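Heads up, the sequence shown is in full-length UniProt numbering, so the first residue is 1 and it goes up one at a time.
Glycine included, C-beta positions come from ideal geometry on N, C-alpha and C.
Computed from a predicted structure; not experimentally measured.
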Amino acid sequence: MTMIDRRDFLRLAAAGGGAAFLSGLNLPAHAHAGDGDFYFVQLSDTHWGFSGAPNPEASHTLHEAVKAVNALTTQPDFIVFTGDLTHTTDDPAERRRRMAAFRDIAAGLKVKTVHFMPGEHDASLDNGAAFQEFFGPTHYTFDHKGVHFITLDNVSDPGARIGAEQLAWLEKDLAGRDKAAPIVVLTHRPLFDLAPKWDWATRDGEQALALLMPFTNVTVFYGHIHQEHHHQTGHIAHHAAKSLIFPLPAPGSQEKRTPLPWDPAAPYKGLGFREIEAEPKKASYEVTEFPVVRT
C-alpha cells in the first residue's frame, strides 16, 4: 500500500476553555506525547450500502479506509465512528444486512477498541432498534486517560432531537464533575444551528450545550456534513469530520445540499478521516487530516 501523506495539520490548543487554530504546523504526530497522552482516530459517514453517483467506487471506499488506518505507523488507542455507518433503507431486513456487512468490514481494523454511534441513516426509521442489535447503546460514556467521552444520540428521534430523557441522563452524568476536567463529546449531527434547512442542526442542541457550558474544557467531534468544519459556541469548539462516501457543499452555499460531483481525475477527493492526539493535562488536541487513496 502507498504510504499516505499528512496534510491540513491543525493545532487545536485549548487555553482557558478557548481554542486556537494554527495552520501550517509540520510536526509529526505523537512527537511530544507524554505519559498520559494518547491518540484516537475518527471516521464518519461511511454509508455502507450506498451505490451510484456520485461515488462509483462506493463498494470499495470503506475497505480502502480500513487499509489506510491499518497502515498508520503508530496504531491509535481506539477508533470512533461518528454515525451513518450504513445508508438508509426502508427494508428492515436489508438494514440489518448492511449493518452486518459494515460490522464485518470494521472487524478488519487492527485496533479492536472501536466505539460506534448511529447516524440518522442508521437509526431514524426504527428509533435505533437495528443499530442496538448490532452495536449496543446509542448513547453512552467512557473514560480514557483522564478524558471523559460522552456519546450523544441526536438521530434516533426522527425529529432531530436529543430528547428530554437523554438530556436528563446527560445532566446526571455531568453532575459533580470537575468543571476544569477535559470532556470530549461525540455526536452525529452538529449541536448548533449550522444549516437548519439542510438538517444540519439539532432541535434541542442548545439545551445540551447549556449543560456543557459550565465546563471549561469541552470539545465536540461530529460528522453528518461530509466535510471538515470548525466552529465555536462560546468556549466550546466543534469539529466536523469528512465523509468516507462523498463530500457535500459548504454550509448554505447553494439551495440544496446535493453531493459534490465525482472527479475521475481525483478519485476520493474530499473524502478522508482524522487522527486526534490528546494531551489531557493541557486539555489540548492536535488534529491531522488524512485522505483516502486508491490502492
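Which residues DSSP lists as bridging Thr86, in chain order | Residue numbering aside, residue 86 sits at position 86 when the sequence shown is read from its first letter. Beta-bridge pairing by DSSP links Thr86 to Trp48.
Does the separation of the CB atoms of Thr202 and Asn154 fall below 7 Å?
-> Here residue 202 refers to the residue found at position 202 when the sequence shown is read from its first residue. Here residue 154 refers to the residue found at position 154 when the sequence shown is read from its first residue. Going by C-beta atoms, Thr202 is nearer than 7 Å to Asn154.
Counting only runs that start and end within the stretch 149–216, where is the beta strand (DSSP E) found for 3 or more residues in a row?
-> The stretch 149–216 contains these whole beta strand (DSSP E) runs: 183–186.
Assumed close pair Thr46, Leu244 - CB separation to whole angstroms, cut-off 8 Å | Taking the first residue of the sequence shown as position 1, residue 46 is located at position 46. Taking the first residue of the sequence shown as position 1, residue 244 is located at position 244. About 5 Å separates the beta carbons of Thr46 and Leu244, which is inside the 8 Å limit, making them a contact pair.
What does a CB cutoff of less than 6 Å around Phe142 pick up in its chain, not counting 5 residues either side in sequence?
-> Counting from 1 along the sequence shown, the entry for residue 142 is found at position 142. Taken in chain order, the residues that qualify are Phe149.
Local conformation of Thr61 per DSSP, three classes = Locating residue 61 in the sequence shown gives position 61, counting from the first residue. It is helical.
Check whether Glu279 and Tyr39 have beta carbons under 7 Å apart | Counting from 1 along the sequence shown, the entry for residue 279 is found at position 279. Counting from 1 along the sequence shown, the entry for residue 39 is found at position 39. In this structure, Tyr39 does not lie closer than 7 Å to Glu279 by Cβ.
Asp122, DSSP secondary structure in three states = One-based indexing of the sequence shown puts residue 122 at position 122. Helix.
Identify which residue in Arg274, Pro267, Ala237 has its Cα closest to the Cα of Val287.
-> Within the sequence shown, numbered from 1, the residue matching residue 287 stands at position 287. With distances taken between Cα atoms, Val287 lies closest to Arg274.
Note the first and the last residue of the continuous alpha helix (DSSP H) segment covering Asp263.
-> Numbered from its first residue, the sequence shown carries residue 263 at position 263. Asp263 -> no alpha helix (DSSP H), and no H or E assigned at all.
Any non-hydrogen atom of the ligand ATP closer than 6 Å to Glu255 Cβ = Of the ligands one can find in the structure shown there are none, so the ligand ATP has no counterpart to examine.
Taking all protein chains shown into account, decide if residue 296 is buried (16 or more other Cβ within 10 angstroms of its Cβ) or exposed.
-> In this structure the chain extends from 1 to 295, so residue 296 is not present and cannot be described.
For Gly159, I'd like the list of residues in its chain whose CB is within less than 8 Å of its CB, leaving aside the five on either flank, ordered along the chain.
-> Sequence index remark: in the sequence shown, residue 159 carries index 159 (1-based). Only Arg203 meet the Cβ criterion.
Check whether Asp122 and Thr86 have beta carbons under 7 Å apart | Residue numbering aside, residue 122 sits at position 122 when the sequence shown is read from its first letter. Residue numbering aside, residue 86 sits at position 86 when the sequence shown is read from its first letter. Yes.
Smallest Cα separation from Thr88: which of Pro118, Val80, Asn70?
-> Here residue 88 refers to the residue found at position 88 of the sequence shown. It is Pro118 whose Cα lies nearest to the Cα of Thr88.
Return the CA-CA distance between Gln227 and Glu165, expressed in angstroms with no decimal places.
-> Counting from one through the sequence shown, the residue named residue 227 turns up at place 227. Counting from one through the sequence shown, the residue named residue 165 turns up at place 165. Linking Gln227 to Glu165 through their CA atoms gives a straight-line distance of about 30 Å.
May I have the straight-line CA-CA distance separating Gly36 from Val218, to the nearest angstrom?
-> Sequence index remark: in the sequence shown, residue 36 carries index 36 (1-based). Sequence index remark: in the sequence shown, residue 218 carries index 218 (1-based). Near 18 Å, if we compare the C-alpha coordinates of Val218 and Gly36.
Roughly how many angstroms lie between the CA atoms of Pro182 and Arg103, to the nearest whole one?
-> As a working mapping, residue 182 is identified with position 182 in the sequence shown. As a working mapping, residue 103 is identified with position 103 in the sequence shown. Going from the Cα of Pro182 to the Cα of Arg103 covers about 30 Å.
Check whether Gly272 and Phe246 have beta carbons under 7 Å apart = The sequence position of residue 272 within the sequence shown is 272, counting from 1. The sequence position of residue 246 within the sequence shown is 246, counting from 1. Taking 7 Å as the cut-off, the Cβ atoms of Gly272 and Phe246 do not count as close.
With a threshold of 16 other CB atoms inside 10 Å of the CB of Ala283, please say whether the residue is buried or exposed.
-> Indexing the sequence shown from 1 puts residue 283 at position 283. Buried is the call here.
Distance, Val80 Cα to Tyr222 Cα | Reading the sequence shown from its first residue, position 222 is the one you call residue 222. Reading the sequence shown from its first residue, position 80 is the one you call residue 80. Their Cα atoms are separated by approximately 10 Å.
Secondary structure of His132, DSSP reduced to three states = On the sequence shown, residue 132 is found 132 positions in, with the first residue counted as 1. Here residue 132 turns out to be Gln, not His, going by the sequence shown. Helix, per DSSP.
Starting from the C-beta of Glu57, find all residues in its chain whose C-beta is less than 7 Å away, skip the five residues before and the five after it, and write them out in chain order.
-> Taking the sequence shown and counting its residues from 1, the one referred to as residue 57 is at position 57. So the qualifying residues of the chain are Pro267.
Which residue comes first and which comes last in the alpha helix (DSSP H) that contains Ala100?
-> Within the sequence shown, numbered from 1, the residue matching residue 100 stands at position 100. Here the alpha helix (DSSP H) through Ala100 covers 92–106.
Under a Cβ-count criterion, where at least 16 other Cβ atoms within 10 Å of its own Cβ denotes burial, should Thr61 be classed as buried or exposed?
-> Translated into positions along the sequence shown, residue 61 becomes position 61. Buried is the call here.
Excluding the five sequence neighbours on either side, which residues of its own chain have a C-beta within less than 8 Å of the C-beta of residue 319, listed in chain order?
-> Limits of the chain in this structure are 1 at one end and 295 at the other, which puts residue 319 out of reach.
Going by the beta-carbon positions, is the gap between Ile225 and Trp262 smaller than 7 Å?
-> The residue you call residue 225 lines up with position 225 of the sequence shown. The residue you call residue 262 lines up with position 262 of the sequence shown. Cβ distance not < 7 Å, so Ile225 and Trp262 don't count as in contact.
Determine the extent of the beta strand (DSSP E) in which Arg274 is found, giving its start and end residues.
-> Position 274 of the sequence shown, counted from the start, is the residue given in the question as residue 274. Counting along the chain, the beta strand (DSSP E) containing Arg274 begins and ends at 272–279.
Could you please give the first and the last residue of the uninterrupted beta strand (DSSP E) stretch that includes His224?
-> Translated into the one-based positions of the sequence shown, residue 224 becomes position 224. Per DSSP, His224 belongs to no beta strand (DSSP E) and is neither H nor E.
Identify which residue in Asn55, Ser51, Ala65 has its Cα closest to the Cα of Ser44.
-> Translated into the one-based positions of the sequence shown, residue 44 becomes position 44. Check the Cα spacing between Ser44 and each of Asn55, Ser51, Ala65: the tightest is with Ala65.
Under the three-state reduction of DSSP, which class applies to Val66: helix, strand or coil?
-> Position 66 of the sequence shown, counted from the first residue, corresponds to residue 66. Helix at Val66.
I think Arg98 touches Trp48, with their Cβ atoms under 8 Å apart; what is that distance to the nearest whole Å?
-> Taking the sequence shown and counting its residues from 1, one reaches residue 98 at position 98. Taking the sequence shown and counting its residues from 1, one reaches residue 48 at position 48. Right, their Cβ atoms sit about 5 Å apart.
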